[in-house]
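Undergrad:
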Amino acid sequence: MSLPPLVEPAAELTVDEVRRYSRHLIIPDVGMAGQKRLKNAKVLCVGAGGLGSPALLYLAAAGVGTLGVIDFDVVDESNLQRQVIHGQSDVGRLKAESAAASVKEINPLVDVVVHNVALTTDNVMEIFSGYDLIVDGTDNFATRYMVNDAAVLLGKPYVWGSIYRFDGQASVFWAEHGPCYRCLYPEPPPPGMVPSCAEGGVLGVLCASIGSIQVNEAIKLLTGIGEPLVGRLMIYDALEMNYRSVKVRKDPECVLCGKNPTVTQLLDDYEAFCGAVSEEAQEAASGSTITAADLKSLQDAGENIYVIDVREPNEYEIVSIPGAVLIPKGEFINGSALEKLPQDKRIVLHCKSGARSAEVLAIVKNAGFSDAVHVGGGVLSWIKTIDPSLPTY
Ligand SMILES: [Zn+2]
Numbered sequence: 259m260s261l262p263p264l265v266e267p268a269a270e271l272t273v274d275e276v277r278r279y280s281r282h283l284i285i286p287d288v289g290m291a292g293q294k295r296l297k298n299a300k301v302l303c304v305g306a307g308g309l310g311s312p313a314l315l316y317l318a319a320a321g322v323g324t325l326g327v328i329d330f331d332v333v334d335e336s337n338l339q340r341q342v343i344h345g346q347s348d349v350g351r352l353k354a355e356s357a358a359a360s361v362k363e364i365n366p367l368v369d370v371v372v373h374n375v376a377l378t379t380d381n382v383m384e385i386f387s388g389y390d391l392i393v394d395g396t397d398n399f400a401t402r403y404m405v406n407d408a409a410v411l412l413g414k415p416y417v418w419g420s421i422y423r424f425d426g427q428a429s430v431f432w433a434e435h436g437p438c439y440r441c442l443y444p445e446p447p448p449p450g451m452v453p454s455c456a457e458g459g460v461l462g463v464l465c466a467s468i469g470s471i472q473v474n475e476a477i478k479l480l481t482g483i484g485e486p487l488v489g490r491l492m493i494y495d496a497l498e499m500n501y502r503s504v505k506v507r508k509d510p511e512c513v514l515c516g517k518n519p520t521v522t523q524l525l526d527d528y529e530a531f532c533g534a535v536s537e538e539a540q541e542a543a544s545g546s547t548i549t550a551a552d553l554k555s556l557q558d559a560g561e562n563i564y565v566i567d568v569r570e571p572n573e574y575e576i577v578s579i580p581g582a583v584l585i586p587k588g589e590f591i592n593g594s595a596l597e598k599l600p601q602d603k604r605i606v607l608h609c610k611s612g613a614r615s616a617e618v619l620a621i622v623k624n625a626g627f628s629d630a631v632h633v634g635g636g637v638l639s640w641i642k643t644i645d646p647s648l649p650t651y
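Those letters in the sequence shown? Residues 259 to 651, per our numbering, in order.
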C-alpha cells in the first residue's frame, strides 16, 4: 500500500540546499519534489533519548525543514552509551537544548523548535497539532498510550519504536489507513511485568537500528515514496541478526479507532491507566514506606533488620546499599524467596526506584511479614541523600 505524500513541496530550494542535498536529488524517487517536501515538513520527535538521538540527527541531515524536540530531562553520564546526540560536555544540560545544538551543527538550515516541557494531557494536543508527523521515542507505557491517543484524535500519523536489551520493534500507526497502537496492544502490560531499559538495560547500538527505521519511515511518509510500515510491525533481533515483519490488522473493536469508539478524548490520567504501581502494591506501601535516611538510622542504631535488594544481579553489582542481601523480585513471584526470609528480623525491601520493592512488599506482607517495609525511591534515593559518591545508573 503506497500513500500520498504528507507534505506539499516548498516553492524552491536555494543554491546552498541543492549543493547540500545533491545525493538525495539524484535519487529518482526523491528528486527535487521530494526534497522540497522535506523542506516544508514539520516533524516532532518525542524524547531526545535513545531513539530520539539517531532520529533527530538523521532527520536534520536529511533536510526536514522544521524539527521539534520535546524533552524535559537533563543529560546524565549514563545516557552517553547510546544517546549519541549528546556529548560529554552536555552532561547536566537540558536534553532538548543539547539536541537542538547538535541539530544546528549538522544542518543550520533546519528550524529547531525546543519544547523543554514534559508532554502531558494538557499540552499534547496543542503541541502535536503544529506538526505533520510525530516520531515517538518514549520509553514508558503511559506516554506511549498518550502519544497514540493524541495522534489518532488529531488524525496524524506517527512512527513508533521500542527497544530493550537486544530486541527492537517499529511500526507506523495511522488510524486513517491502518491500525493504531491500541489495536496492537489494547491493554498496557501489568505493572512491573515489563522491565524498562533503566531496569533491564539496552545495547546502545540498538537505538541506531530502530531509530534509523523510524527516520526511514518518516521520510517515506513525508515524500510519499515506497511502502510505509502501516499495518506491519518490524521485529528486530540483534543477537540472531534478523528482521521480520508481521501483519497488524486494524481492530474493528478498538476502543479508540474501531467502529464504535468509547475513547473519544484523552484519558485524564495515563499514569493511572498504565498503573506505574499495582493497586496491591500501593496498598501494601501505604504506611509501610521508609526513606533512605530512615534506613540509615535503623542501621546506625543497630536495629534488628534484614535489608533485601530485589533488583537483578547485574544491578546489584553496579551499586548496592551496604548490608543489603540480593534476592531478585522473580524469586518472590515464584515463591522460592519466602523460605529464605528470617522470621526474627524486620524485613526492609528496596529496589532501584521503589516500584519493584512495593510489588514485592505486597507479596511479603501477604506471606505474614506484617511489619515489613520498603524504601521509597530505592537505591537512587540512597545515593542522592546518603552517599553521592556511589555510582548511579
Ligand atoms: Zn486502534
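Note that CB positions come from ideal geometry on N, CA and C, so glycine has one too.
1) In chain order, what are the residue ranges of uninterrupted beta strand (DSSP E) at least 3 long that sit wholly in the segment 401-462?
2) How many angstroms separate the CA atom of residue 587 from the CA atom of residue 581?
3) Look at residue 271 and residue 294 and say whether their C-beta atoms are less than 8 Å apart.
4) Does the Cβ of residue 330 have 16 or more other Cβ atoms within 10 Å, making it buried, or fewer, making it exposed?
5) What is the DSSP secondary structure of residue 474, counted as helix, strand or coil?
6) DSSP state of residue 492, grouped into three classes?
7) Residue 516: beta carbon under 7 Å from a heavy atom of ligand 1?
8) CA-CA distance, residue 372 and residue 623?
9) For residue 458 and residue 513, what's the separation of their Cα atoms in angstroms?
10) Smallest Cα separation from residue 632: which of 599, 645, 594, 539?
11) Residue 328: buried (16+ other C-beta within 10 angstroms of its C-beta) or exposed?
12) Could you check whether residue 430 and residue 201 sit closer than 8 Å to each other, using their CB atoms as the reference points?
13) Roughly how many whole angstroms lie between the Cα atoms of residue 455 and residue 599?
14) Would you mind sorting residue 601 into buried or exposed? The rule is 16 or more other CB atoms within 10 Å of its CB.
15) Would you say residue 433 touches ligand 1, meaning its beta carbon is less than 7 Å from a heavy atom?
16) What do you get for residue 384, buried or exposed, if any count of 16 or more other CB atoms within 10 angstroms of its CB means buried?
17) Kindly give me the distance between the Cβ atoms of residue 368 and residue 322, rounded to whole angstroms, as I take these residues to be in contact under 8 Å.
18) Indicate the three-state DSSP secondary structure (helix, strand or coil) for residue 556 in the structure shown.
19) For ligand 1, is there any heavy atom lying closer than 7 Å to the beta carbon of residue 486?
20) Should residue 507 be counted as a contact of ligand 1 given a C-beta to heavy atom distance under 7 Å?
21) Going by DSSP in three states, residue 651 sits in which element: helix, strand or coil?
22) With DSSP run on the structure shown, which of helix, strand or coil describes residue 502?
23) Out of 317, 493, 625, state which residue places its alpha-carbon closest to the alpha-carbon of residue 464.
24) Could you tell me if residue 618 is buried or exposed, where buried requires 16 or more neighbouring beta carbons within 10 angstroms of its beta carbon?
25) So what's residue 469 in DSSP terms, helix, strand or just coil?
26) When you compare only the Cα positions, how much space is there between residue 625 and residue 596?
27) For residue 603, I'd like the list of residues in its chain whose CB is within less than 7 Å of its CB, leaving aside the five on either flank, ordered along the chain.
TA: With the given structure in hand:
1) 416-422, 425-431
2) By one-based count along the sequence shown, residue 587 stands at place 329. By one-based count along the sequence shown, residue 581 stands at place 323. Distance between the alpha carbons of residue 587 and residue 581 is about 18 Å.
3) Position 13 of the sequence shown, counted from the first residue, corresponds to residue 271. Position 36 of the sequence shown, counted from the first residue, corresponds to residue 294. Yes, these two residues count as a Cβ contact at 8 Å.
4) Here residue 330 refers to the residue found at position 72 of the sequence shown. It is exposed - the Cβ of residue 330 has fewer than 16 other Cβ atoms within 10 Å.
5) Your numbering for residue 474 matches position 216 in the sequence shown. Three-state result, residue 474: helix.
6) Here residue 492 is taken as the residue at index 234 of the sequence shown, counted from 1. It is a strand residue.
7) Within the sequence shown, the letter at position 258 stands for residue 516. Yes; taking the cut-off as 7 Å, the Cβ of residue 516 has a heavy atom of ligand 1 nearer than that.
8) For the purposes of this step, residue 372 is taken as the residue at position 114 of the sequence shown. For the purposes of this step, residue 623 is taken as the residue at position 365 of the sequence shown. Taking the straight line joining both Cα atoms gives about 47 Å.
9) Locating residue 458 in the sequence shown gives position 200, where the first residue counts as 1. Locating residue 513 in the sequence shown gives position 255, where the first residue counts as 1. Between residue 458 and residue 513, the C-alpha separation is close to 31 Å.
10) Residue mapping note: residue 632 aligns to position 374 of the sequence shown, counting from 1. Out of 599, 645, 594, 539, 539 has the C-alpha closest to the C-alpha of residue 632.
11) For the purposes of this step, residue 328 is identified with residue 70 of the sequence shown, where counting begins at 1. Buried, because 16 or more other Cβ atoms sit within 10 Å of the Cβ of residue 328.
12) Any property of residue 201 remains undetermined from this structure, which presents the chain solely from 259 to 651.
13) Looking up residue 455 in the sequence shown gives position 197. Looking up residue 599 in the sequence shown gives position 341. The alpha-carbon atoms of residue 455 and residue 599 are separated by roughly 29 Å.
14) By one-based count along the sequence shown, residue 601 stands at place 343. Exposed, because fewer than 16 other Cβ atoms sit within 10 Å of the Cβ of residue 601.
15) For the purposes of this step, residue 433 is taken as residue 175 along the sequence shown, with counting starting at 1. Yes, Cβ of residue 433 sits closer than 7 Å to a heavy atom of ligand 1.
16) Residue mapping note: residue 384 aligns to position 126 of the sequence shown, counting from 1. It counts as exposed.
17) Here the question's residue 368 lines up with position 110 in the sequence shown. Here the question's residue 322 lines up with position 64 in the sequence shown. At roughly 7 Å, the Cβ-Cβ gap stays under 8 Å, so residue 368 and residue 322 are in contact.
18) Against the sequence shown, residue 556 aligns to sequence position 298. In the structure shown, residue 556 sits in a helix (DSSP, three-state: H, G or I).
19) For this step, residue 486 is matched to residue 228 along the sequence shown. Not under cutoff, so the answer is no.
20) Residue numbering aside, residue 507 sits at position 249 when the sequence shown is read from its first letter. Checking the Cβ of residue 507 against ligand 1 gives no.
21) Translated into positions along the sequence shown, residue 651 becomes position 393. Coil.
22) In the sequence shown, residue 502 corresponds to position 244, counting from 1. If DSSP states are grouped into helix, strand and coil, residue 502 belongs with the strands.
23) Position 206 of the sequence shown, counted from the first residue, corresponds to residue 464. Considering only alpha carbons, the answer is 493.
24) Translated into the one-based positions of the sequence shown, residue 618 becomes position 360. Classification for residue 618: buried.
25) The residue given as residue 469 occupies position 211 in the sequence shown. Residue 469: helix per DSSP, three-state reduction.
26) Within the sequence shown, the letter at position 367 stands for residue 625. Within the sequence shown, the letter at position 338 stands for residue 596. Cα to Cα, the separation comes out at about 8 Å.
27) Translated into the one-based positions of the sequence shown, residue 603 becomes position 345. Same-chain partners within the cutoff: 562, 563, 564.
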